[in-house]
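In our numbering, the protein residues as written are 17 to 532.
C-beta: ideal position from N, C-alpha, C; glycine also.
Dropping the structure here:
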């Protein structure tokens, strides 16, 4: 009995302790929470709030090719380290102090700079080379130097022929912007390989010739001096050549730094090559394109006679937005692409006779004049396109003329003594004057006594050439497309007389090589 009472007491005490533990609250909480006993554990779910970070908008970096201005396209790709030496400083200051110079150059470069930049990029060449025509010709496609260098890239005749540029009385490939750019870049690549990848030496060689640069290098090696471009003993023009290019490149790369503004050039093609397949008068081609003859000639300075060449060299550079117009007009006027003659029909003439006279054909004349039959009438005006044959003859007459000398017959004269006096023959006198076998001369009669083919003076220009190291009469003659005999005659040089470096020579050159 006593044991049962004791057991009951223990159970009561244990039950009281259990209830107290389950109802005890945490006094540190501001609100008391009483948890009821349960057999299932309870998990507390904490909501996850995403953390949103504010990100800056990503601005896409435009590539050089995506720039709006070709100058920027070039500047972004110039990786050559440009030295800030005295020579570069001098020419940089000159360009900065003469902003009009680069302003004019930018205007001239408008049609060509995009094309040249693309060609330099395709070859993986230093992009400052696209600026080389600034130094060479100020981007003047008609430029011509006293060294007979011509075009944007100032290529001399023998170098031009060596690199595939055709030159004749109709066409000078050195002034063809597309052809000469290819030749100039080929030459620069060739020189770069010759000088083991040294672009400064290659550029010097482009200016003065590889032989002269190699000679300067050998001279420095023998004297124990450095052989880099800046230490070579070169002519003043060549010593200034690379600094000029680098000065321009530095300004183009840092216009804001120097407070300089250069007229932007659109970074898109503005010219296109068109191959009409026929010889064309440039005035007619300009009309077909809807531009001025002056603009067309500035784009195509390679053609010397105002027409494309008759031997297949008849491609044209045109503004890209004028190509469709040109092709449409050409298709409609295919047979009127040459110089045209205006002929008024005379009594007794037929279409066949007129066609023969102008080296044309009856069908051509009919088509151009919209004639349904071959019937023509006296006084009718016909437009006749000139054929390449008649054009060649006409151009030859323009290039030369017959200088006629006259003689007034005196008392006692006869054909024999007149012929003897003028170092000709009686037969020639008769031919020149349409005299019959039994013609009797009369005192006071005017006779043509000689005809000398003489080049038109207006086509020629006298220059004074300073003999350079390595020059010879034959080299100079070839350079200016003249003869050794002519040089000797103009300068009173004896056959065995040598020319010396620094000597001044008088040369009479064809003006058509100066002006397209």
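Of all Cβ atoms in chain C, is any one closer than 7 Å to the Cβ of residue i?
i           : result
residue 372 : Looking at the structure shown, chain C is missing, and only one protein chain is on hand.
When burial is assigned at 16 or more other CB atoms within 10 Å of the CB, is residue i buried or exposed?
i           : result
residue 124 : buried
residue 455 : exposed
residue 330 : buried
residue 106 : exposed
residue 426 : exposed
residue 253 : exposed
residue 115 : exposed
residue 224 : buried
residue 363 : exposed
residue 297 : buried
residue 510 : exposed
residue 472 : A caution first: residue 472 carries a pLDDT of 43, below 50, which makes its placement in the model unreliable, though a value can still be read off. Under this definition residue 472 is an exposed residue.
residue 239 : exposed
residue 196 : buried
residue 49  : Any reading at residue 49 must be qualified, since the residue scores a pLDDT of 42, below 50, and its modelled position is unreliable; the value itself is stated next. Burial call: exposed.
residue 499 : exposed
residue 523 : buried
residue 312 : buried
Using the C-alpha atoms, what's the distance from residue j back to residue i?
i           : j           : result
residue 207 : residue 218 : 5 Å
residue 492 : residue 154 : 25 Å
residue 177 : residue 502 : 23 Å
residue 162 : residue 347 : 43 Å
residue 360 : residue 303 : 24 Å
residue 345 : residue 309 : 16 Å
residue 216 : residue 82  : 29 Å
residue 516 : residue 439 : 38 Å
residue 514 : residue 478 : 22 Å
residue 245 : residue 228 : 12 Å
residue 91  : residue 144 : 8 Å
residue 320 : residue 191 : 10 Å
residue 525 : residue 488 : 17 Å
residue 85  : residue 179 : 32 Å
residue 295 : residue 457 : 49 Å
residue 95  : residue 142 : 7 Å
residue 235 : residue 255 : 16 Å
residue 451 : residue 156 : 55 Å
residue 169 : residue 175 : 11 Å
residue 263 : residue 237 : 28 Å
residue 119 : residue 280 : 10 Å
residue 461 : residue 424 : 6 Å
residue 159 : residue 318 : 11 Å
residue 571 : residue 138 : This structure gives no information on residue 571, because the portion of the chain shown stretches from 17 to 532.
residue 518 : residue 340 : 54 Å
residue 414 : residue 101 : Any reading at residue 414 needs caution, since the residue's pLDDT is 40, under 50, leaving its predicted position unreliable; the model's value is listed next. Straight-line Cα distance between these residues: approximately 53 Å.
residue 367 : residue 343 : 30 Å
residue 429 : residue 372 : 43 Å
residue 541 : residue 506 : The requested residue 541 is not part of the displayed model; the chain covers only 17 to 532.
residue 132 : residue 198 : 9 Å
residue 299 : residue 332 : 12 Å
How is the alpha helix (DSSP H) around residue i delimited, first residue to last?
i           : result
residue 287 : From DSSP, residue 287 is part of no alpha helix (DSSP H) but of the beta strand (DSSP E) over 287 to 290.
residue 204 : 193 to 210
residue 280 : First-last for residue 280: undefined, no H or E at that position.
residue 296 : From DSSP, residue 296 is part of no alpha helix (DSSP H); its letter is neither H nor E.
residue 120 : 115 to 125
residue 190 : Residue 190 -> no alpha helix (DSSP H), and no H or E assigned at all.
residue 456 : Here residue 456 belongs to no alpha helix (DSSP H), and DSSP marks it neither H nor E.
residue 247 : That residue, residue 247, is in no alpha helix (DSSP H); it is neither H nor E in DSSP.
residue 313 : 309 to 315
residue 320 : Note, residue 320: premise wrong, no alpha helix (DSSP H); not H, not E.
residue 502 : 500 to 507
Can you check which of these residues, the options, is closest to residue i by C-alpha distance?
i           : options            : result
residue 93  : 461, 266, 339, 480 : 266
residue 432 : 256, 112, 442, 312 : 442
residue 184 : 152, 325, 101      : 325
residue 292 : 238, 119, 328, 122 : 328
residue 315 : 521, 129, 519, 118 : 129
residue 147 : 379, 284, 268, 311 : 268
residue 103 : 133, 205, 261, 88  : 261
residue 134 : 376, 283, 449, 336 : 283
residue 88  : 270, 435, 465      : 270
residue 334 : 288, 522, 149      : 288
residue 222 : 139, 341, 137, 165 : 165
residue 398 : 323, 434, 358, 140 : 358
residue 249 : 258, 259, 232      : 232
residue 150 : 447, 258, 113      : 258
residue 496 : 117, 172, 132      : 172
residue 521 : 480, 272, 446      : 480
residue 391 : 188, 365, 523      : 365
Using a threshold of 6 Å, is the CB atom of residue i nearer than that to any non-hydrogen atom of the ligand COA?
i           : result
residue 136 : In the structure on display, the ligand COA does not appear, and there are no ligands present to speak of.
(message) Quick check for students: name the residue ranges of the beta strand (DSSP E) that lie wholly in the region 326 to 380, counting only runs of 3 or more.
(response) 332 to 335, 356 to 360
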